Amino acid sequence: MFKFLKIAIFSLGFAMPTFAFAVCEQWSVTLQQNGNETGVWNFQGSDPGEMLGNGTSTDSNNGHTYTYSLDAFVEADGRVTVNRTQSSDGNNCTYTGQKTGNTITGTYVCNKGDGPWKALVSYCLPKK
Numbered sequence: 000m001f002k003f004l005k006i007a008i009f010s011l012g013f014a015m016p017t018f019a020f021a022v023c024e025q026w027s028v029t030l031q032q033n034g035n036e037t038g039v040w041n042f043q044g045s046d047p048g049e050m051l052g053n054g055t056s057t058d059s060n061n062g063h064t065y066t067y068s069l070d071a072f073v074e075a076d077g078r079v080t081v082n083r084t085q086s087s088d089g090n091n092c093t094y095t096g097q098k099t100g101n102t103i104t105g106t107y108v109c110n111k112g113d114g115p116w117k118a119l120v121s122y123c124l125p126k127k
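If you count the sequence shown from 1, position 109 lands on 108 in numbering that gives the first Met the number 0, and the numbers rise without skipping.
Next comes the structure, spelled out in C-alpha cells:
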C-alpha cells in the first residue's frame with residue numbers, strides 16, 4: 000500500500016497543471032504615433048494568461064478623451080497582445096509587444112494609423 004501511495008503521489012507531480020496568478024494591473028501607456036496620446040489601462044486576470052479590462056486615453060493635441068474595452072494576453076515568455084475594441088472614437092487597435100520587468104514596448108496597428116507604444120506596469124490587489 001505505501002509503495003502504491005508513493006508512486007501515485009510521484010505520478011501526480013508530473014500531471015499537475017501550471018497555474019497563472021490572479022492579478023490586478025494598471026498600465027500607464029504612451030501611444031507614440033504623434034507622441035501625444037497617453038492613457039491608463041486597468042486589467043484583472045492572470046499573468047501569464049488572459050486579462051480583461053478597460054482603458055482611457057487623452058490626446059494632448061486636441062484634449063479629446065477616448066474610452067474602450069481591452070482584452071490582453073501575456074505569454075509566459077513576456078510576449079503581449081492587446082485588442083482594443085468598442086472605442087468611443089471608432090479607432091480599434093491591436094497592440095503587440097514584449098514585457099520585460101515592469102515595462103512593455105511594442106507596436107500597434109489601428110483603424111486610423113499605427114506606431115510604437117510603451118507601458119509601465121504597476122500592480123494592485125485583485126477585486127473579489
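Don't be surprised by glycine CBs; every beta carbon is placed ideally from N, CA and C.
Values in this document were obtained by computation on a predicted structure and should not be read as measured data.
With DSSP as the reference, label residue i as helix, strand or coil.
i: K117; result: strand
i: D76; result: coil
i: N61; result: coil
i: G44; result: strand
i: F18; result: Caution applies to F18, whose pLDDT of 46 falls short of 50 and renders its modelled position unreliable; the value that the coordinates give is listed next. If DSSP states are grouped into helix, strand and coil, F18 belongs with coil.
i: S56; result: strand
From the DSSP output, read off the bridge partner residues of residue i.
i: A71; result: M50, V81
i: G112; result: C109
i: S27; result: V39, L119
Can you check whether the CB of residue j is closer than 9 Å to the CB of residue i?
i: N82; j: T64; result: no
i: S56; j: V22; result: no
i: T104; j: S86; result: no
i: V120; j: T102; result: yes
i: Y107; j: E24; result: no
Check for me: the beta strand (DSSP E) holding residue i runs from which residue to which?
i: K98; result: 92 to 99
i: G105; result: 102 to 109
Spatial neighbours of residue i within its chain, please: CB distance less than 7 Å, with the 5 preceding and 5 following residues excluded, ordered by chain position.
i: D58; result: N35, E36
i: A14; result: Because A14 sits at a pLDDT of 43, beneath the cut-off of 50, its placement in the model cannot be relied upon, and the following sentence gives the value as read from the coordinates. None.
Near residue i, which residues of its chain fall below 8 Å by C-beta distance, leaving aside the five closest residues on each side in sequence?
i: P16; result: The pLDDT assigned to P16 is 44, lower than 50, so where the model puts this residue is not dependable; a value taken from the coordinates is nonetheless given after this. If we look at P16 and ignore the five residues flanking it on each side, it has no Cβ neighbours.
i: N53; result: W40, N41, T66, Y67, S68, L69
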